[in-house]
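Participant:
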Amino acid sequence: MRVTVAGAGTEYSGSCPPPGARAPVFTATFTVGRLPARVEYRWVTTRGSVSDPGWRTLSFPAGGGKTRQARVTLTVYRGGPAAGDQVVVKVRDPENTASNAVPFSVDCARTASKTPSGGPSSSPQASVPASPSGSP
Numbered sequence: 000m001r002v003t004v005a006g007a008g009t010e011y012s013g014s015c016p017p018p019g020a021r022a023p024v025f026t027a028t029f030t031v032g033r034l035p036a037r038v039e040y041r042w043v044t045t046r047g048s049v050s051d052p053g054w055r056t057l058s059f060p061a062g063g064g065k066t067r068q069a070r071v072t073l074t075v076y077r078g079g080p081a082a083g084d085q086v087v088v089k090v091r092d093p094e095n096t097a098s099n100a101v102p103f104s105v106d107c108a109r110t111a112s113k114t115p116s117g118g119p120s121s122s123p124q125a126s127v128p129a130s131p132s133g134s135p
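Under numbering that gives the first Met the number 0, the letters of the sequence shown match residues 0 to 135, in that order.
#1: Kindly indicate the opening and closing residues of the beta strand (DSSP E) around Gly6.
#2: Give a yes or no on whether the minimum CB-CB distance between Val71 and chain B is below 8 Å.
#3: Tell me the rounded alpha-carbon separation between Gly6 and Leu57.
#4: Taking the beta strand (DSSP E) that Thr45 belongs to, which residues open and close that run?
#5: For Val86 and Tyr11, which I take to be in contact (beta-carbon distance under 8 Å), what is that distance rounded to the nearest angstrom?
#6: Rounded to whole angstroms, what is the Cα-Cα separation between Gly8 and Thr72?
#7: Taking Phe29 and Arg55 to be in contact with their CB atoms under 8 Å, please state how far apart those CB atoms are, rounded to whole angstroms.
#8: Mind checking which residues open and close the beta strand (DSSP E) that includes Glu94?
#9: State the DSSP-derived secondary structure class of Arg33, mapped to helix, strand or coil.
#10: Quick one: what does DSSP say Ala108 is sitting in, helix, strand or coil?
#11: Taking the alpha-carbon of Ala27 as reference, which of Ala61, Val90, Leu34, Cys15 has the nearest alpha-carbon?
#12: If the criterion is Cβ atoms closer than 8 Å, does the pair Gly13 and Ala108 meet it?
This is how it looks when you write it as C-alpha cells:
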C-alpha cells in the first residue's frame, strides 16, 4: 500500500475564505498491491486538526485498477499573517501508514466580518469523490 499527496494553489494571499478557484487543492494517489482491496483514510494537517473530519473508504474492486485518486479543497478561515501548515493523508486500513506532507500557506487579509471570533480553524468546503486514475 502506498499513498502520495500533491497540491495545487498551495500559496494564497487575499480575503478569506479563498475563492473556490484559488483555494488550495490536494490530490491523494493510492496504490494497492493486490485486488480486491479497501483503504480507509483521512486528510489531516500536521498541526493536528482534521481537515476532513471523518475516515473515508476507497474500494478497489477485483478486476479493476490498483491506483485510485481522491481530492479535497481546503478553505482556511484565518485573519492576520501567513499561516503555514502541511496536509497529510493517514491510512488505517489495510495498514497504518501516511503520505508525504505537502506544505501550504494561506495569508488572509484582516477583515473583521470574515475573521471568526473563535480564532483560526481549517475545514474542507468540497470533497470530490475518489475516481479511477488508471494503472500506476
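A virtual CB, placed ideally from N, CA and C, is assigned to each residue, including glycine.
Given the structure is predicted, the values throughout are model-derived calculations rather than measurements.
Facilitator: Judging by the given coordinates:
#1: In the DSSP annotation of this structure, the continuous segment of the beta strand (DSSP E) that includes Gly6 starts and ends at 1-7.
#2: Structure shown: chain B not included; a single protein chain is present.
#3: Distance between the alpha carbons of Gly6 and Leu57: 20 Å.
#4: No beta strand (DSSP E) contains Thr45, which DSSP labels as neither H nor E.
#5: Contact doesn't hold; Cβ gap of about 14 Å is too wide.
#6: If you take the alpha carbons of Gly8 and Thr72, they lie about 10 Å apart.
#7: Going by Cβ atoms, the distance from Phe29 to Arg55 rounds to 11 Å, so no, they are not a contact pair.
#8: No beta strand (DSSP E) contains Glu94, which DSSP labels as neither H nor E.
#9: Three-state result, Arg33: coil.
#10: Shown here, Ala108 sits in coil according to DSSP, grouped into three states, outside any helix or strand.
#11: Of Ala61, Val90, Leu34, Cys15, the residue nearest in Cα terms is Val90.
#12: Contact: yes.
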